[in-house]
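Reviewing the structure listed below.
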Amino acid sequence: MKTIQRNMPELAYLLTEVENKYGRRIATTTDFESLSVVIEHQIGELISSSTLKRLWGYVSLNPTPRISTLDVLSRFVGHRDFKAFCNHLKDSNVFSSNFFTSRCQTVAELAEGVVVQIGWAPDRLVRLSYLGDYQFEVMSSENSQLRSGDRFELSEIIVGYPLYISRILRDGTYTSSYVAGQIDGINLLKVETLTK
Numbered sequence: 200m201k202t203i204q205r206n207m208p209e210l211a212y213l214l215t216e217v218e219n220k221y222g223r224r225i226a227t228t229t230d231f232e233s234l235s236v237v238i239e240h241q242i243g244e245l246i247s248s249s250t251l252k253r254l255w256g257y258v259s260l261n262p263t264p265r266i267s268t269l270d271v272l273s274r275f276v277g278h279r280d281f282k283a284f285c286n287h288l289k290d291s292n293v294f295s296s297n298f299f300t301s302r303c304q305t306v307a308e309l310a311e312g313v314v315v316q317i318g319w320a321p322d323r324l325v326r327l328s329y330l331g332d333y334q335f336e337v338m339s340s341e342n343s344q345l346r347s348g349d350r351f352e353l354s355e356i357i358v359g360y361p362l363y364i365s366r367i368l369r370d371g372t373y374t375s376s377y378v379a380g381q382i383d384g385i386n387l388l389k390v391e392t393l394t395k
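Position 144 of the sequence shown, counting from 1, maps to 343 under my numbering, and the rest follow consecutively.
Right, dumping it as structure tokens:
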């Protein structure tokens, strides 16, 4: 089966368009179940809530999405298939906007043990240690609700866009979802290696 890279900006934009059509950010189990029903009702095609959770990074399994899945989501937002959706983006102002030129750090490219520093307005600064397998631990946090020792999963960080964390492991229990830089997005992204 033909597959696609998870870090394509077109994929991130498709998920954003799906949320716009759905009418809200998709962040809970109920949202995924409801979205599955809405898609089936509107276009007569089924995508399971578990597939949607994997696609949004809500569960720890992070496989490469199938083209057939992206085709269904593209039809949901009004395009023939994913290829037509991508062609539409190339012909629109969106493709030349900063969504496609923003600095993006794909987590799969990071080496285990590196430190990632992120920041957002107003004066939030967080240092993260990359543990491998898409897992991060907060080393320090200034003016943020994230706490030292918090652990969570990310697949990418894009400057200029909010950072969505589906859940945080804190003191042995999971918290609800968290959004960093909800208004203006992440404005600092720095990767540094740990000195031994």
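Beta carbons: idealized from backbone N, C-alpha and C, even for Gly.
Counterpart residues of residue i in DSSP-defined beta bridges
i, result
"Tyr329", "Phe335"
"Phe351", "Phe335"
"Glu341", "Leu324"
"Glu391", "Val314"
"Ile356", "Gln304"
Cα-Cα separation, residue i to residue j
i, j, result
"Gln381", "Cys303", "17 Å"
"Leu288", "Val217", "14 Å"
"Thr229", "Val258", "14 Å"
"Trp319", "Arg274", "34 Å"
"His278", "Leu251", "19 Å"
"Asp290", "Ser339", "43 Å"
"Gln241", "Val313", "45 Å"
"Thr263", "Gln316", "27 Å"
"Thr374", "Arg350", "10 Å"
"Leu388", "Lys282", "31 Å"
"Thr202", "Lys220", "Model confidence at Thr202 stands at a pLDDT of 47, short of 50, so the residue's coordinates are unreliable; what they give is reported in the following sentence. Spanning the two alpha carbons is a distance of roughly 24 Å."
"Thr215", "Asn386", "20 Å"
"Ser233", "Asp370", "31 Å"
"Tyr377", "Phe231", "17 Å"
Residue environment, residue i, which counts as buried when at least 16 other CB atoms sit within 10 Å
i, result
"Leu245", "exposed"
"Gly256", "buried"
"Ala379", "buried"
"Ser347", "exposed"
"Val306", "buried"
"Ala310", "exposed"
"Ser365", "buried"
"Glu308", "exposed"
"Glu341", "exposed"
Please confirm if the stretch 266-279 is in contact with the stretch 319-337, defined as three or more CB-CB distances below 8 Å between the two stretches. Not touching, per the Cβ criterion.
Mind listing, in chain order, the continuous alpha helix (DSSP H) runs of no fewer than 4 residues lying wholly within the stretch 202-247? DSSP runs (the alpha helix (DSSP H)) wholly in the stretch 202-247: 208-221, 228-242.
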